[in-house]
Each structure stands twice: as structure tokens, then as C-alpha cells.
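Chains as they are written, first to last, in our numbering: chain A, 8 to 112; chain B, 191 to 418.
Just so it is clear, CB atoms sit at the ideal spot from N, CA and C, and this is done for glycine as well.
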């Protein structure tokens, strides 16, 4: 049963990837829609970023002094000025570890 | 003009820095599956069959928590429905491919690969073999995801939970959008999406992950109208 569910979930996931690329004719999308699509990264990724920072593993909001908030701010500042992906990720991770392991936040 | 090989390499290099997030998250993903009591083969098979990080964890957590298979499968579908948006964006650049090639390359459309290849596509619209960039980025992510989840399955409970490795996930996406903070219209769209995701976090089937982008895209449409 679990196997069957995985296979169905896999097929559905594949369809989410393939439908717009292979099945839907791009000409069906109007010019306005195409212009809006330029915002897709900005419109999608914050839905992964915000809960990843502000909501803990149990689905609750974190406190305002949670180390993740500080670490995310560090990552944003470092990323903004360095334009470097590795620096962004590592500065966030290391400042998070500093806060929880060294300063016992 | 770039050769196929150059584009493949560029695609690979564009996602390589994201491995600092993808690999830890893959390890956590594999380890959680084992921790929840699923068989190693099953946990690993998901990385090939579903190939979608967050949705794999949610699927196993739901099943082990006693949810029905229907709920687990629906949640995976809802979480991964964001790929429809990626596909809609990418279709402009993949239009000329044969149907079979479209079917094959679709399997490799994932968040970071989409983000990085799309950035490249926007600057190099007229390259003839653009899809090789996506092949490079998506293929690299696929291989690393397989290796990372496998390592997680083998390491299992040796992965210390205190490290909070899942936190690498928001960081990798911060790296992707952070330069767009320079543009006010994008900032408005991002904040709309982020706040909506917190507001709708408890909506059924993890649907906040597609509800908030839809709201944000409506706001983007409004912004576009105001800009004119």
C-alpha cells in the first residue's frame, strides 16, 4: 500500500513538472500572463523561506528572539552584498550555530 | 554562442553552490525516513520516484502519524504543484524541443535548478541549446540528491538533530532571491508571498505553499498595472 502511494505520488509530481512544459501550448497564455510569470521566483520562494524561519518543527510560531531570525538577517545582509550563494548559506548556518552552541540561545 | 558542453557545465556550476544546502537537507531527509521506521529501500525509492525534498518528508511523516494514504498522496501533489509555475516559465525556452525531449527534461525541473537556469535563460534568450543548461543544473541536483538521501539512510540516527540542518533550506532560497530585494516591485511580491505563507500555514494539505504564490502573483499583476 505504501509502495502504491509512493508511485501515485511520483506520477502526480511528474505531471506537475511536465504539464506546462510538454502538454500546454504556450500561445494559450496571454501577454499579461507571461509578464506576470516573470515574478514566479519572487512569488514562490518566500513561501519556503518564511515558514522555514518563523515556524518550528511542531508547527508553532517561534519567539521574536529566536536565533533563526538573527541568522536569517545575517544571511540576507551577507548575500545582498557578496552576491555569493555559498557565503549566504554558510554565514546563515554558522551564525545560527554560534548563537545556539556558543551563546546558548 | 555557447556549445552544448559549455552550457551543461554552466548549468552544473550554477547550482553547485546550493549543494551546501541540498546535501545537508538530503541527509536529514533520508535520516528522518529511517527514524520514522520505514525500510531503507522504500525511503530511497522516493528520491527517484518523487524526487522532491520537502514533499518526501511530509509524505512519510503523515503516514507514520496515522494519516490515510489519500491524504499523504494529496499533500505531495499540493506541495509539488508549484512546479506548474516553474514549467509555465520554462516553457518559453523549451518550446522548440521535441515532445519526447520535453517529457524527459521535465523530470529534472526542481526549485534551485529552475531558479538558476531561469536566471541564465533571461540573459541568453537566443542561445540554440538552452536546455543543456537545465540538463546541467537539474542533473547535478538529481545526482547529489540521490547521494545525499542515501547517506542519510546509512547514517540514520548519527545525524545530530541539534545542528538544525533543515535551516539550510530557507538559506538556499534566500541566496536565490536576495538580489531582487533591490527592486521594489519584487519586494512587494516577496513580502506578500511570505506573509501569506505564515497566514495560511495551517491550511489543509500544506496548501499554503501554492496559495501564497497565487496571491503573490495576483499582487504582481496589480503592480504591473500600476507601473504602466
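Step through the CB atoms of chain B and report whether any lies within less than 7 Å of the CB of residue i.
| i | result |
| --- | --- |
| residue 110/A | no |
| residue 117/A | Here chain A has residues from 8 to 112 only, and residue 117/A is not among them. |
| residue 80/A | no |
| residue 106/A | no |
| residue 89/A | no |
| residue 19/A | yes |
| residue 37/A | no |
| residue 102/A | no |
| residue 60/A | yes |
| residue 77/A | no |
| residue 13/A | yes |
| residue 51/A | yes |
| residue 93/A | yes |
| residue 43/A | yes |
| residue 96/A | yes |
| residue 28/A | yes |
| residue 69/A | no |
Indicate whether at least one CB of chain A lies closer than 7 Å to the CB of residue i.
| i | result |
| --- | --- |
| residue 421/B | For chain B, the structure presents residues 191 to 418; residue 421/B sits outside this window and is missing. |
| residue 328/B | no |
| residue 207/B | yes |
| residue 285/B | yes |
| residue 403/B | yes |
| residue 201/B | no |
| residue 315/B | no |
| residue 383/B | yes |
| residue 292/B | yes |
| residue 191/B | no |
| residue 279/B | yes |
| residue 242/B | yes |
| residue 394/B | no |
| residue 411/B | yes |
| residue 268/B | no |
| residue 296/B | yes |
| residue 360/B | yes |
| residue 231/B | no |
| residue 257/B | no |
| residue 423/B | For residue 423/B there is no data in the structure shown, the boundaries of chain B being 191 and 418. |
| residue 414/B | yes |
| residue 325/B | no |
| residue 248/B | no |
| residue 239/B | yes |
| residue 374/B | no |
| residue 224/B | no |
Can you tell me which residues form a DSSP beta bridge with residue i?
| i | result |
| --- | --- |
| residue 62/A | 68/A |
Can you list, in chain order, the residues of its chain whose CB lies under 7 Å from that of residue i, leaving out five sequence neighbours each side?
| i | result |
| --- | --- |
| residue 219/B | 243, 246, 247, 339 and 342 |
| residue 345/B | 217 and 221 |
| residue 438/B | This structure gives no information on residue 438/B, because the portion of chain B shown stretches from 191 to 418. |
| residue 99/A | 78, 79, 81 and 82 |
| residue 60/A | 75, 76 and 79 |
| residue 443/B | Nothing about residue 443/B can be reported from this structure: the residues present for chain B run from 191 to 418 only. |
| residue 272/B | 399, 400 and 403 |
Leaving aside the five residues before and after residue i along the sequence, list all residues of the same chain whose C-beta is less than 6 Å from its C-beta, in chain order.
| i | result |
| --- | --- |
| residue 266/B | 245 and 249 |
| residue 276/B | 299 and 304 |
| residue 282/B | none |
| residue 63/A | 69 |
| residue 436/B | Here chain B comprises residues numbered 191 to 418, so residue 436/B is not present and cannot be evaluated. |
| residue 270/B | 242 and 245 |
List the residues of chain D whose Cβ lies closer than 9 Å to the Cβ of residue i, in chain order.
| i | result |
| --- | --- |
| residue 308/B | Here chain D cannot be found, since the structure's protein chains are A and B. |
Leaving aside the five residues before and after residue i along the sequence, list all residues of the same chain whose C-beta is less than 8 Å from its C-beta, in chain order.
| i | result |
| --- | --- |
| residue 406/B | 379, 380, 382, 383 and 386 |
| residue 409/B | 378, 379 and 382 |
| residue 191/B | 317 and 318 |
| residue 287/B | 295 and 321 |
| residue 261/B | 252 and 395 |
| residue 232/B | 223 |
| residue 390/B | 397, 398, 401 and 402 |
Contact the region 30-41 of chain A vs the region 305-313 of chain B: 3+ CB pairs below 8 Å: By the criterion of at least three beta-carbon pairs nearer than 8 Å, the region 30-41 of chain A is not in contact with the region 305-313 of chain B.
At 4 residues or longer, what runs of the alpha helix (DSSP H) sit wholly inside the region 252-338 of chain B? Complete alpha helix (DSSP H) runs here, min 4: 259-270, 272-284, 289-296 and 301-313.
Contact between the region 349-363 of chain B and the region 207-219 of chain B: three or more CB pairs below 8 Å? Contact holds: three or more Cβ-Cβ distances are below 8 Å.
Entirely within the region 19-65 of chain A and at least 4 residues each: give me those alpha helix (DSSP H) ranges in chain order. Qualifying alpha helix (DSSP H) stretches, in chain order: 38-44, 47-51 and 53-61.
Segments of 4+ residues assigned as alpha helix (DSSP H) that fall wholly inside the region 367-416 of chain B: Taken in chain order, the whole alpha helix (DSSP H) runs of length 4 or more contained in the region 367-416 of chain B are 374-389.
At least three beta-carbon pairs within less than 8 Å, the region 90-101 of chain A to the region 360-376 of chain B: Two segments are said to touch when three or more pairs of C-beta atoms, one from each, lie closer than 8 Å; by this definition the region 90-101 of chain A touches the region 360-376 of chain B.
Any contact between the region 52-63 of chain A and the region 396-406 of chain B? By contact I mean 3 or more CB pairs, one from each, below 8 Å. Yes, since at least three Cβ pairs between the region 52-63 of chain A and the region 396-406 of chain B fall closer than 8 Å, the two stretches touch.
Please give me, in chain order, every unbroken run of the alpha helix (DSSP H) with length at least 4 that falls completely inside the region 207-246 of chain B. Listed in chain order, they are 209-225 and 230-239.
Tell me whether the region 194-213 of chain B and the region 74-85 of chain A touch, counting them as touching only if at least three CB pairs, one residue from each stretch, are closer than 8 Å. The region 194-213 of chain B makes no contact with the region 74-85 of chain A, as fewer than three CB pairs between them are under 8 Å.
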